[in-house]
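Novice: Got a structure for you, questions after.
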């Protein structure tokens, strides 16, 4: 967010009326507003996170809070997953294509242009596969959150099972499974680091 956009989000009641060093005060006010927003979000999460209720048999059960569905939020998740997946797929596809082009007995006698085309095709195929996989994973994770909201760990587990199942159902995509596990593992580590 640029300084102009940030300054437009500061309420006028928070802006000091004296004219001394307004730029520094604006940044301090913005940081204070951010802190207040984060604290409010944490309070809401704590309030909704452990809202136990009693069942008929007297035991406490957890009632999940329903997250409202938003098409823009789902598209944001899809774009994030597609972008990260495509970047990862491009890197791994390039490395795999380069390795297989060097080891191929057919491409040894081929021109450099043919080798380059082979590497480009492998890279783009891998980028598309990973972009679709991780975008689908993120959309599945968001869909699970809006449908049942079982918690973040369960969201990752259920979305991973669904998206890895789709990837495993295609025989030509099965070699990508270790990389797909790595992407999901990175998402889980990011969740752990964010909470810690």
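Residue numbers (this note's numbering): 143 to 338. Ideal Cβ placement from N, Cα and C applies to all residues, glycine included.
#1: Are the CB atoms of residue 227 and residue 172 within a distance shorter than 8 Å?
#2: Measuring CB atoms only, is the stretch 216-223 touching the stretch 249-268, in the sense that at least three cross pairs come out at less than 8 Å?
#3: Is it true that the stretch 294-301 meets the stretch 238-248, where meeting means three or more beta-carbon pairs spaced less than 8 Å apart?
#4: Under a three-way DSSP split, which group does residue 320 fall into?
#5: Say whether the stretch 298-313 touches the stretch 225-242, bearing in mind that this needs 3 or more beta-carbon pairs closer than 8 Å, one atom from each stretch.
#6: What does the alpha-carbon distance come out to for the pair residue 317 and residue 284?
#7: May I ask you to report which of helix, strand or coil DSSP gives residue 313?
#8: Pop quiz: residue 234 and residue 261 are said to be a contact at Cβ under 8 Å. What is the actual Cβ separation, rounded to whole angstroms?
#9: Any idea if residue 265 is buried or exposed, counting beta-carbon neighbours within 10 angstroms, 16 or more meaning buried?
#10: State the Cα-Cα distance for the pair residue 211 and residue 292, rounded to the nearest angstrom.
#11: Can you tell me which of the three DSSP states residue 202 falls into?
#12: Taking the alpha helix (DSSP H) that residue 254 belongs to, which residues open and close that run?
#13: Quick one: using the 10 Å Cβ neighbour count with 16 as the cut-off for buried, is residue 187 buried or exposed?
Specialist: Taking the coordinates as given:
#1: Locating residue 172 in the chain shown gives position 30, counting from the first residue. Locating residue 227 in the chain shown gives position 85, counting from the first residue. Not closer than 8 Å, so no.
#2: no
#3: no
#4: Here residue 320 corresponds to residue number 178 of the chain shown, with the count starting at 1. Of the three classes helix, strand and coil, the one that applies to residue 320 here is helix, per DSSP.
#5: no
#6: Reading the chain shown from its first residue, position 175 is the one you call residue 317. Reading the chain shown from its first residue, position 142 is the one you call residue 284. Distance between the alpha carbons of residue 317 and residue 284: 26 Å.
#7: Counting from 1 along the chain shown, the entry for residue 313 is found at position 171. Helix at residue 313.
#8: Residue 234 sits at position 92 when you count from the first residue of the chain shown. Residue 261 sits at position 119 when you count from the first residue of the chain shown. Not a contact, Cβ separation roughly 13 Å.
#9: In the chain shown, residue 265 corresponds to position 123, counting from 1. Under this definition residue 265 is a buried residue.
#10: Residue mapping note: residue 211 aligns to position 69 of the chain shown, counting from 1. Residue mapping note: residue 292 aligns to position 150 of the chain shown, counting from 1. One C-alpha to the other measures close to 15 Å.
#11: On the chain shown, residue 202 is found 60 positions in, with the first residue counted as 1. Summary for residue 202: the model assigns pLDDT 49, below 50, so the residue's position carries little reliability, and this model does not support an answer.
#12: Counted from its first residue, the chain shown places residue 254 at position 112. Element bounds for residue 254: 254-289.
#13: Taking the first residue of the chain shown as position 1, residue 187 is located at position 45. It counts as exposed.
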